[in-house]
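> Sequential numbering from 16 applies to the sequence shown in the working numbering. What follows is a single structure, and I will ask about it in a moment.
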Amino acid sequence: MHKFILRRLAMLIPVLLGVSFIVFSIMDLTPGDPVEMYLGDNYTPEAHAEMTKELGLDKPFIVRYLSYIGNAVQGDFGISYSTKQPVLDEILARFPNTLVLAIAALIFAIVVGIILGTISAAKQNSIFDSMSTFTALIGVSMPNFWFGLMLIIIFAAGLGWFPSSEFSGVKSLVLPAIALGTNSLAIITRMTRSSLLETIRQDYVRTARAKGLKEYKVIIKHALRNAMIPIITISGLQFGFLISGAVVIETVFSWPGIGRLLVEAIQLKDTPIVLSLVLIKAGMFTVINLGTDIMYAFFDPRIRAQYKAKRV
């Protein structure tokens, strides 16, 4: 197992180098002068030249890129062009907010998605199954930013049940978590249904029914656990997408997370923040996928037995 983990982590290095080079190149070629944006009304040729030299923007492209990579390896992600604060401090101040939002959206998607998918599979071709399938199709097709705006109009501006843009406790988390997690909910519902339909046709499920076990025990204890591998896979992938896709929802709900920070940094052409956020998200995506693979052994005894056999 440890060799597998080390091999997967080693694959992360070329990915991060490739992503960093592409993003650095795009930000360098994008029109706009971050120094001019920062100076604003205080702009003078002398101040511009001084700040350009201070930020190292007078150096060639490849020198600036290699310097950034060398410092990043040591944990130094540079100084923000717009705030003059360490990039890592800016990110760490907002990252917990994005993580809380992504986890809340994932919990909502997994709990509701598995429940709906399980009932749909157990009651195949029923009215509930048809309604669940139709709802899942809408959830996959619906843009989350539009759904977020509809939630604000109905439940915040209309009914006044939840705040629309305040960050003040659990109530402020409900609407953005639902808006962010709806697409994932639909995908998990469909995956649970299809995986469970395949599992309940297996011989061991028929044997469990023949022993006289109640149907809900057969479904939950025997069928659902063995159908969890594809559900875990899609849930792990969705968690990575939720962290990355929080950019739009954080903007709609004015959520103070790294997604909103990324939008602000792009507008100001703040390359150190943009590049650092992209690298962190790419690294997290890989680590999440690795964690998903490790969880397979917890849910599927066959995979756990393979690792034990290799050790022997």
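Just so you know, even glycine gets a beta-carbon here, dropped at the ideal spot from N, CA and C. Small disclaimer: the values here were computed from a predicted structure and weren't measured.
Using DSSP's beta-bridge definition, name the partner residues of I94.
I94 is bridged to P101.
> Where are the alpha helix (DSSP H) runs, 4 residues long or more, that stay fully inside the stretch 211-294, in chain order?
List check, alpha helix (DSSP H) in window: 218-225, 243-267 and 273-282.
> Could you name the residues of the same chain whose beta carbon sits closer than 7 Å to that of I193, not counting the 5 residues immediately before and after it, in chain order?
So the qualifying residues of the chain are F123 and L166.
> Quick check on this structure: which residue in T98, A64, V34 and V78 has the alpha carbon closest to the alpha carbon of K284?
Among T98, A64, V34 and V78, the Cα nearest to that of K284 belongs to T98.
> Run through DSSP, which three-state label would M157 get?
Residue state, collapsed to three classes: coil.
> If I measure Cβ to Cβ from I125 and keep anything under 7 Å in the same chain, skipping five residues before and after, which residues do I get?
Result list for I125: I203 and S250, in chain order.
> Considering just the uninterrupted stretch of the alpha helix (DSSP H) at N86, what are its terminal residues?
Where N86 is concerned, the enclosing alpha helix (DSSP H) stretches over F76 to V88.
> Just to check my reading of the structure: P271 and R109 have Cβ atoms closer than 8 Å, yes? What is that Cβ distance to the nearest angstrom?
With a Cβ gap of about 6 Å, P271 and R109 count as contacting.
> For my contact list, L239 and L211 are in at a C-beta cut-off of 8 Å; report their separation, rounded to the angstrom.
Contact holds; Cβ gap of about 6 Å.
> With a cut-off of 8 Å, do at least 3 Cβ pairs link the stretch 215-230 to the stretch 297-304?
No, they do not touch.
> In chain order, which continuous runs of the alpha helix (DSSP H) of length 4 or greater are located wholly inside the stretch 135-207?
Those alpha helix (DSSP H) runs which fall completely within the stretch 135-207 and span 4+ residues are 142-156 and 159-166.
> Pairs of beta-carbons, one from the stretch 260-270 and one from the stretch 104-120, closer than 8 Å: are there three or more?
Flag = yes, the stretch 260-270 and the stretch 104-120 touch.
> Note down the Cα distance separating F177 from P29, rounded to an integer number of angstroms.
When rounded, the distance between both Cα atoms is 44 Å.
> Let me know if V102 comes out buried or exposed under the rule of 16 or more other beta-carbons within 10 Å of its beta-carbon.
When all chains shown are included, V102 counts as buried.
> Quick check on this structure: which residue in L290, G196, M206 and L277 has the alpha carbon closest to the alpha carbon of L121?
Checked all of L290, G196, M206 and L277; the closest Cα to L121 is G196.
> Do you know offhand how far R79's Cα is from D43's?
Going from the Cα of R79 to the Cα of D43 covers about 10 Å.
> Spatial neighbours of E105 within its chain, please: CB distance less than 8 Å, with the 5 preceding and 5 following residues excluded, ordered by chain position.
So the qualifying residues of the chain are S95, T98, L276 and I288.
> For G71, I'd like the list of residues in its chain whose CB is within less than 8 Å of its CB, leaving aside the five on either flank, ordered along the chain.
Cβ within range, chain order: R79 and S82.
> Can you grab the Cα-Cα spacing for the pair K232 / V185, in whole Å?
Those two C-alpha atoms are separated by around 34 Å.
> Output yes or no for whether 9 Å exceeds the beta carbon distance between N198 and M157.
Yes, they are a contact pair.
> Mind reading off the beta-carbon distance from P191 to G163? Whole number of angstroms is fine, and I expect it under 8 Å.
Right, the Cβ-Cβ distance comes to about 7 Å (below 8 Å), so this counts as a contact.
> Could you check the C-alpha separation between S291 and I235 for me, to the nearest Å?
Answer to the nearest angstrom: the Cα atoms are 43 Å apart.
> Can you have a look at G274 and say buried or exposed, based on whether 16 or more other CB atoms are within 10 angstroms of its CB?
That one is buried.
> Secondary structure at P46, three-state DSSP: helix, strand or coil?
Three-state result, P46: coil.
> Where does R221 land, buried or exposed, given buried means 16+ other C-beta within 10 angstroms?
It counts as exposed.
> Where do the ends of the alpha helix (DSSP H) carrying T67 lie?
Counting along the chain, the alpha helix (DSSP H) containing T67 begins and ends at P60 to E69.
> Which residue wins for smallest C-alpha separation from W161, given the options R208, T266, E51 and G47?
When only C-alpha atoms are compared, the closest one is T266.
> If you run the structure through DSSP and keep just helix, strand and coil, what is L31?
L31 falls in the helix class under three-state DSSP.
> How many Å lie between F36 and I77 at the Cα?
Approximately 10 Å between the Cα atoms of the pair.
> Give the straight-line distance between the Cα atoms of R224 and Q253, rounded to the nearest whole angstrom.
Cα to Cα, R224 sits roughly 34 Å from Q253.
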